[in-house]
Amino acid sequence: MIGCQRVCLLLCVYLCVMSGLEPVMAQEANYDEAQVPAYTLPDLLTDLSGAPVTTPQQWQQRRRAEVLSLFEQHVFGRLPNFQVQLRTKLRSEVPDAVGGLAHRRELTVYFTADDAGPQMDLLIYTPAAATGPVPAFLGLNFNGNQAIESDPRLHITESWVRNNRELGIEDNRATEATRGSESSRWSVERIVRSGYGLVTIYYGDIDPDFDDGFRNGIHSLGEPVSGERAGDAGGSISAWSWGLSRALDVLQSDARIDASRVAVFGHSRLGKTSLWAGATDQRFAMVISNNSGCGGAALSRRAFGETVARINKSFPHWFCLNHRKYNNNEGALPVDHHMLIALAAPRPVYVASAVEDQWADPRGEYLSLWHAGPVYRLFGRVGMPSEQMPGVDVPVQTDVGYHIRSGKHDVTDYDWQQYVKFADRHLKAE
Ligand code: GCU
């Protein structure tokens with residue numbers, strides 16, 4: 001039996017090598033802290049010429065641009081540079097949604113003059129009692145806007161959705177059964193009761209989450225990619241980030257939302273996206289990453305749980321092609337993800353983990369936030385107080401926020417409770 005397993009493993013490695021694929025699937029993920037390789041993180045406050053960065057001006061004018069460009073070149077790729085004239089059309093408006101607590105709109109944003117062209121639907125909640133523009137959370141969702149609440153009046157997304165037999169989806173079309181399917185992840189009632197707006201968009205409106213060679217979604221706005229894309233051309237995370245910025249463009253002229261106080265939020269792959277959107281668009285006033293893991297808040301060099309090789313293999317369309325150079329070679333990356341967090345500075349940033357989400361490396365997520373501290377201090381802000389992680393369900397909030405919640409990979413009302421508290425501290429008008 002043992003001999004048979006060994007032969008199978010050798011055969012698998014042989015086939016991977018012969019086919020040019022790295023045998024990453026043959027490797028077990030590491031969950032043992034003692035097996036984390038020794039590593040040295042790139043120094044945030046030394047620029048590429050070796051000069052120290054000692055003032056906020058030097059960070060903003062010089063070092064920040066370097067770090068951003070390194071992430072474009074080696075991790076996410078550049079954002080699309082499509083020049084678009086945004087048009088909007090109100091699809092629906094309900095003054096008394098969520099048991100009368102929320103004013104709710106569905107707003108279609110068209111990227112071209114063609115109503116059948118690429119477009120995204122914003123689902124916008126604001127407190128029904130609001131008398132002026134409110135601060136808001138903006139985040140992408142996984143299943144379509146109809147998944148936020150079970151209200152039958154919400155438009156069911158017509159974009160591509162993943163086959164999900166549990167929800168009765170067989171053919172990439174969302175069904176009635178998807179209504180409200182993601183409601184536990186969006187504490188709409190808590191958000192509006194606390195005086196905030198919530199704006200969400202189905203991520204598949206922007207770029208359907210499968211590897212189609214960058215043709216569908218907003219990619220149809222550009223030239224079709226022939227052959228391999230350029231090494232630093234953006235992947236889907238850059239496309240989703242671009243969509244979030246276009247939503248913020250639209251919110252600039254929305255009378256119900258204060259666009260200067262919008263927190264960009266995301267969970268998991270969409271938490272990687274919220275960090276990248278916050279880095280590339282400094283108009284976002286706050287950045288929140290929920291269980292974002294590898295390629296998000298977690299330090300790549302720890303190679304704990306999901307690794308660079310693993311994520312590039314499973315999701316070849318998320319990052320830029322250059323990122324593959326660091327498969328099983330994280331030490332050569334000119335950045336690590338504490339630098340992604342630092343790109344949010346001096347704006348408040350929140351990182352959240354979950355105990356049972358070891359795949360996302362909670363400790364690596366915390367350490368990124370901790371190691372972003374010197375940039376916050378440069379601005380006179382306060383980072384995490386200790387290199388030791390706080391206890392489970394013991395949030396720590398300064399100018400940055402962190403908690404590790406009990407339970408699994410998810411977004412819960414507990415998470416939202418902390419985000420609202422953090423926003424109360426940093427986004428409420430003085
Ligand atoms: C997978 C993937 C993660 C990602 C997650 C998600 O687990 O490996 O990197 O964060 O999906 O987005 O749900």
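Under this note's numbering, think of the first position of the sequence shown as 1, with each following residue one higher.
All C-beta atoms in this analysis are idealised placements derived from N, C-alpha and C, irrespective of residue type, glycine included.
{"Check": "Output the distance between the C-alpha atoms of Cys-294 and Leu-198, rounded to the nearest integer angstrom.", "Outcome": "26 angstroms"}
{"Check": "Give me, in chain order, the residues of the same chain whose beta-carbon lies closer than 6 angstroms to that of Val-375; leave out the 5 immediate sequence neighbours on both sides.", "Outcome": "Leu-44, Ala-342 and Ala-345"}
{"Check": "Using the C-alpha atoms, what's the distance from Asp-171 back to Asn-141?", "Outcome": "20 angstroms"}
{"Check": "Please confirm whether any heavy atom of the ligand GCU lies closer than 7 angstroms to the CB of Ser-268.", "Outcome": "yes"}
{"Check": "Under a Cβ-count criterion, where at least 16 other Cβ atoms within 10 Å of its own Cβ denotes burial, should Arg-145 be classed as buried or exposed?", "Outcome": "Arg is not the amino acid found at residue 145; the sequence shown has Asn there. It counts as buried."}
{"Check": "Classify Gln-418 as buried or exposed, calling it buried when 16 or more other Cβ atoms lie within 10 Å of its own Cβ.", "Outcome": "buried"}
{"Check": "How should Val-312 be labelled, buried or exposed, when 16 other C-beta atoms within 10 angstroms of its C-beta is the threshold for buried?", "Outcome": "For the record, residue 312 in the displayed sequence is Asn; it is not Val. Result: buried."}
{"Check": "Anyone know if the C-beta pair for His-323 and Leu-299 falls short of 8 angstroms?", "Outcome": "no"}
{"Check": "With three or more C-beta pairs closer than 8 angstroms as the rule, is the stretch 230 to 238 touching the stretch 399 to 410?", "Outcome": "no"}
{"Check": "Quick check: is any heavy atom of the ligand GCU less than 7 angstroms from the C-beta of Ser-314?", "Outcome": "yes"}
{"Check": "May I have the straight-line CA-CA distance separating Glu-166 from Ser-181, to the nearest angstrom?", "Outcome": "10 angstroms"}
{"Check": "Just grab the DSSP bridge partners of Ile-288 for me.", "Outcome": "Phe-265 and Tyr-350"}
{"Check": "Do Gly-295 and the ligand GCU come close, with the Cβ less than 7 angstroms from some heavy atom?", "Outcome": "yes"}
{"Check": "Ile-206: beta carbon under 7 angstroms from a heavy atom of the ligand GCU?", "Outcome": "no"}
{"Check": "Restricting to Cα atoms, I'd like to know which of Asp-209, Ser-92, Trp-242 and Ala-113 is closest to Glu-106.", "Outcome": "Ser-92"}
{"Check": "Check whether the Cβ of Trp-240 sits closer than 7 angstroms to any heavy atom of the ligand GCU, and report yes or no.", "Outcome": "no"}
{"Check": "Am I right that Val-355 and Val-396 are in contact with their C-beta atoms under 8 angstroms? What's the rounded C-beta distance?", "Outcome": "Between Val-396 and Val-355 the Cβ distance is about 16 angstroms, and since that is not below 8 angstroms, they are no contact."}
{"Check": "Give the C-beta separation of Arg-179 and Val-161 to the nearest angstrom, bearing in mind that I take them to be a contact with Cβ-Cβ under 8 angstroms.", "Outcome": "Actually they do not touch by this definition, with Cβ atoms about 13 angstroms apart."}
{"Check": "Is it true that the CB of Leu-427 sits closer than 8 angstroms to the CB of Ala-285?", "Outcome": "yes"}
{"Check": "Suppose you measure from the CA of Tyr-125 to the CA of Gln-73; what does that come to, to the nearest Å?", "Outcome": "37 angstroms"}
{"Check": "Between which two residues does the alpha helix (DSSP H) harbouring Ala-177 extend?", "Outcome": "No alpha helix (DSSP H) holds Ala-177; DSSP gives it neither H nor E."}
{"Check": "For Ile-201, tell me which candidate among Gly-139, Pro-152 and Ala-360 has the shortest Cα-Cα distance.", "Outcome": "Gly-139"}
{"Check": "Is the CB-CB distance between Glu-33 and Leu-101 below 8 angstroms?", "Outcome": "no"}
{"Check": "In terms of residues, what are the limits of the alpha helix (DSSP H) holding Gln-85?", "Outcome": "No alpha helix (DSSP H) contains Gln-85, which DSSP labels as neither H nor E."}
{"Check": "Just checking Ala-359 against the ligand GCU - is the residue's beta carbon closer than 7 angstroms to any of the ligand's heavy atoms?", "Outcome": "The sequence as given places Trp at residue 359; Ala does not occur at that position. Flag set: Cβ of Trp-359 near the ligand GCU."}
{"Check": "Could you tell me the alpha carbon to alpha carbon distance between Ser-226 and Phe-214, rounded to whole angstroms?", "Outcome": "10 angstroms"}
{"Check": "With hydrogens ignored, establish whether the beta-carbon of Ile-237 is closer than 7 angstroms to any heavy atom of the ligand PLP.", "Outcome": "This structure does not include the ligand PLP; its bound ligands are the ligand GCU."}
{"Check": "Verify the contact flag: Ile-483, CB atom, against every heavy atom of the ligand GCU, threshold strictly below 7 angstroms.", "Outcome": "Since the first residue shown for the chain is 1 and the last is 430, residue 483 is missing from the structure and cannot be characterised."}
{"Check": "By DSSP, does Val-411 sit in helix, in strand, or in coil?", "Outcome": "coil"}
{"Check": "Got a sec: is the Cβ-Cβ distance from Asp-361 to anything in chain C below 8 angstroms?", "Outcome": "Of the chains in the structure shown, none is chain C; there is only one protein chain."}
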